[in-house]
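According to our numbering, the sequence shown is numbered sequentially starting from 54.
C-beta atoms are modelled at their ideal positions from N, C-alpha and C, and glycine is treated no differently.
From a predicted model like this one, the values you see are computed outputs, not experimental measurements.
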Amino acid sequence: MRIAVYPGSFDPITNGHEDIIKRAAKIFDEVIVAVLVNPDKRGLFSIEERVELIRKVVTPYSNVKVESFSGLLINFMKSHNAKVIIKGLRAVSDFEYEFQMALMNNKLDDSIETLFMMTSAQYSYLSSSSVKQVAMFGGCIKGLVPDPIINNVLSKIREK
Ligand code: ADP
């Protein structure tokens, strides 16, 4: 069974993330979307809320699971018997940081591979932070985040 882990903050999940999940789910037997718990960074959504939002979006994909993790990604991978980390690449600016992380993870455990998937052109400008900014200033986020979560994002922004 080929299991891949797609880690990130997903605060919140965007159409760019969903696109990577959908494509990865066609290649692997199982894809685990792993929401990173970062105690230093309080996001817009709590970790539990992010997991719930992603679960809402991935219901159509039967081989996709959603979980959260803290600590080292490779420990999470080990406990799930996963050997492949999926990363999305948008721009050259993503590359340097991702390259460093991929090498570090491979150094920590050389049975782990990081697989990079190119963003689809129509999502190359999309990030969770840009979505939050647009929503904060009253812009339309349809087409930026998956339809099932648009209202969750709007009400969260209003609440804050
Ligand atoms: P961000 O907050 O920048 O949107 P995350 O940390 O939640 O990103 O991202 C998780 C993963 O998804 C990373 O590998 C990131 O490169 C990838 N990703 C984010 N947005 C996109 C996009 N629009 N297209 C492809 N991959 C993306």
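Contact under 8 Å by Cβ, residue i with residue j
{"i": "Phe63", "j": "Val90", "result": "no"}
{"i": "Val88", "j": "Ala57", "result": "no"}
{"i": "Val34", "j": "Val145", "result": "As shown, the chain starts at 54 and ends at 213. That puts residue 34 outside it, with no answer to give."}
{"i": "Val117", "j": "Val111", "result": "yes"}
{"i": "Gly141", "j": "Gly69", "result": "yes"}
{"i": "Ile202", "j": "Lys79", "result": "no"}
{"i": "Ile138", "j": "Thr172", "result": "no"}
{"i": "Lys209", "j": "Leu97", "result": "yes"}
{"i": "Thr67", "j": "Leu207", "result": "no"}
{"i": "Met170", "j": "Ile73", "result": "yes"}
{"i": "Glu102", "j": "Pro199", "result": "no"}
Exposed unless 16 or more other CB atoms sit within 10 angstroms - verdict on residue i
{"i": "Lys160", "result": "exposed"}
{"i": "Ile165", "result": "buried"}
{"i": "Phe81", "result": "buried"}
{"i": "Ser181", "result": "buried"}
{"i": "Tyr176", "result": "buried"}
{"i": "Met77", "result": "For the record, residue 77 in the displayed sequence is Ala; it is not Met. It counts as buried."}
{"i": "Pro113", "result": "exposed"}
{"i": "Pro92", "result": "exposed"}
{"i": "Ala174", "result": "exposed"}
Given residue i as reference, the closest of the options once Cα atoms are compared
{"i": "Met130", "options": "Glu212, Val206, Arg55", "result": "Arg55"}
{"i": "Asn128", "options": "Cys193, Ile107, Asp163", "result": "Asp163"}
{"i": "Asn205", "options": "Arg143, Leu126, Thr172, Ile107", "result": "Ile107"}
{"i": "Pro60", "options": "Cys193, Ile100, Asp200", "result": "Ile100"}
{"i": "Ala211", "options": "Lys195, Gly191, Gly196, Leu197", "result": "Looking at the sequence itself, residue 211 is Arg, so the reference to Ala does not match. Checked all of Lys195, Gly191, Gly196, Leu197; the closest Cα to Arg211 is Gly191."}
| task | Could you name each continuous alpha helix (DSSP H) segment of 4 residues or more that falls completely within the stretch 93-148, going from the start of the chain to the end? | result | 100-111, 126-132
| field | the stretch 183-198 in contact with the stretch 148-162 per 3-pair CB rule at 8 Å | value | no
| message | Give the list of continuous beta strand (DSSP E) stretches no shorter than 3 residues that lie fully inside the stretch 141-188. | response | 166-171
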